[in-house]
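Enquirer:
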Amino acid sequence: MTALVKAAFTNFVTAGMFFVRILLLGFMALLQLTLGGADIRPASRESAAA
Amino acid sequence: MAWPPYHLMRRDYLAEAEKKYAKLERLYHVGARNAWDGKKVLSELLAKHGGIRLDAHKKRALAEIFSTILWGELAAWSISADLALQLEDTEAKMAATSQVFDEARHFYVMRDYLLALDVEIPPLDGYTHTVLTELLETERLVDKLLGMQLIVESVAVTLFRSVAQAGVEPVLSELMPYFERDEARHVGLGVLYLPKLLAKLGPIEAARLKMKQLKIVTLIGWGTHLKKRHFETLGMDNNDGFRRGTRLQREVLAGMRSPEGADPRGVLVGDPRLDVINDWAIDLFFPRMGAKIPAWQRTVINLVDELSRVGDRALRMAA
């Protein structure tokens, strides 16, 4: 596979994986808002060293 | 640019550079002062703990996680050497040169540790392979600096801390802080030098850079799903790791802001506007270890884990 084809292929796969992830996140958020049960915690503001 | 760069000896240039980049030069001197003898540290730790004693299944899990680290260190070694070559300001060049020595040490220490672990090291997964080869092959300095110094090094710092805290194996737990201290300095190179490069970005280039970060973050997320069962075997909580990682990214971004508080152009990671999405994504995809989760969440997570294997196979085809 040439470098260009490889790059196009990995970009295509990654874009697909990104959209699947966003769709699943949206779907899970919807389930959480309707059914609930998941533990969602707000962003903690403590330092990264914690 | 003509060589040699005679301006490096001009007193007005030196005074200006000293004012702007004294902290960068300090990274080099701190690196030289704190350089540790990898052979000595590892052999002393192995002698102290009587070698590595770990169940076979935990050894395999460790090998899965640390194959990423091993090849990541090799990539970081080459990338920091590229940076040392390409960076023009002497102080940044010194900091990158110091990093080359650190990464070489990290690679041989990790290699020797894994040899002592005496387990077969699996090939690199498709996600990590894609991230590392992209950073190795790109000729764009800003991509290399942002991708390696701010994202990959931050992930490394977070992972080293998680491994040490999980107490997976005593030699490793005592070895990780040595790595972590060095990696924190490497993040410092990006924080201190990137704003200069980012200030020159136009809107199209800034958007392209954000897409690149989105790509790397997406690959890291899916790669973590792929390795999830190995993290669990070792008692490492991904929820905790991701939260620590996002806090670190926020601090990194804060360090890159101008004195007036303006965000640097083209940086996506650490953006506080994404905090809410990040929180939901972390808690929904990576619930806390041992937490009771509803059936719908477990079902979707199992599907995500399956999909991560599909993506891995697809990306390996291009490897």
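Which chain is which? The protein sequence lines are A and B, in order. My numbering puts the first residue of the first sequence at 1, with every later residue one more than the last. My numbering puts the first residue of the second sequence at 1001, with every later residue one more than the last. Just so you know, even glycine gets a beta-carbon here, dropped at the ideal spot from N, CA and C.
1. Looking at the unbroken alpha helix (DSSP H) that takes in B/H1186, where does it start and where does it end?
2. Can you pull the chain B residues whose beta carbon is under 7 angstroms from the beta carbon of A/R10, in chain order?
3. Alpha carbon to alpha carbon, how far is B/D1263 from B/N1238?
4. List the residues of chain B that A/L25 touches, going by C-beta distances under 9 angstroms, in chain order.
5. List, in order along the chain, the chain B residues whose C-beta lies closer than 8 angstroms to that of A/L33?
6. What are the start and end residues of the alpha helix (DSSP H) that includes A/I22?
7. Name the chain B residues that come within less than 9 angstroms of A/T2, Cβ to Cβ?
8. Is the beta carbon of B/R1309 sitting closer than 8 angstroms to the one on B/L1198?
9. Put B/H1129 into one of helix, strand or coil per three-state DSSP.
10. Out of B/T1090, B/W1077, B/S1043, which one is the CA nearest neighbour of B/P1004?
11. Over what stretch of residues does the alpha helix (DSSP H) that includes A/R41 continue unbroken?
12. Compare the Cα-Cα distances from B/G1126 to each of A/M28, A/F9, A/F19 and report the closest residue.
13. Give the range of the alpha helix (DSSP H) segment to which B/M1236 is assigned.
14. Quick one: any contact between the region 1158 to 1165 of chain B and the region 1141 to 1148 of chain B, if contact means 3 or more CB pairs under 8 angstroms?
15. B/W1296 touches chain A at which residues, Cβ-Cβ below 7 angstroms?
16. Is B/G1050 helix, strand or coil when you go by DSSP?
17. Going along chain A in order, which residues have a C-beta closer than 7 angstroms to the C-beta of B/A1084?
18. Give me the chain A residues within the contact set of B/R1288, using Cβ-Cβ distance strictly less than 8 angstroms, ordered along the chain.
19. Please return the same chain residues whose Cβ sits closer than 6 angstroms to the Cβ of B/A1156, not counting the five positions on each side in sequence.
20. How many Å lie between B/K1196 and A/V5 at the Cα?
21. What residue does the alpha helix (DSSP H) around B/N1302 start on, and which one ends it?
22. Any chance the region 1209 to 1220 of chain B sits against the region 1100 to 1108 of chain B, with 3 or more Cβ pairs inside 8 angstroms?
23. Quick one, are the C-beta atoms of B/L1189 and B/A1116 less than 8 angstroms apart?
24. Roughly how many angstroms separate the alpha carbons of B/G1235 and B/R1229, rounded to a whole number?
25. Taking any Cβ of chain A, which residues in the region 1059 to 1076 of chain B have a Cβ under 9 angstroms from it, in chain order?
26. Please tell me whether B/V1300 has its Cβ less than 8 angstroms away from any Cβ of chain A.
27. If you count every other CB in all the chains shown that lies within 10 Å of the CB of B/N1278, and 16 or more means buried, which is it?
28. Report the residue from B/R1185, B/R1053, B/I1301, B/E1139 whose alpha carbon sits nearest the alpha carbon of B/G1031.
29. Identify whether B/V1030 lies in helix, strand or coil by the three-state DSSP scheme.
Expert: Inspection of the coordinates gives the following:
1. 1170 to 1198
2. Per the sequence shown, residue 10 of chain A should be read as Thr rather than Arg. Neighbours of A/T10 on chain B, chain order: T1130, L1315, A1318.
3. 28 angstroms
4. I1277, W1280, A1281, L1284, F1285
5. Per Cβ cutoff of 8 angstroms: no residues; A/L33 is ~10 angstroms from chain B at best.
6. 3 to 34
7. Within chain B, no residue comes near A/T2; the closest Cβ sits about 11 angstroms away, beyond 9 angstroms.
8. no
9. helix
10. B/T1090
11. Looking at the DSSP string, A/R41 is not in any alpha helix (DSSP H), and its letter there is neither H nor E.
12. A/F9
13. No alpha helix (DSSP H) contains B/M1236, which DSSP labels as neither H nor E.
14. no
15. L31, L35
16. coil
17. The premise fails here: B/A1084 is roughly 25 angstroms from chain A at the closest Cβ pair, so nothing lies under 7 angstroms.
18. D39
19. E1183
20. 33 angstroms
21. 1295 to 1317
22. no
23. no
24. 10 angstroms
25. none
26. yes
27. buried
28. B/R1185
29. helix
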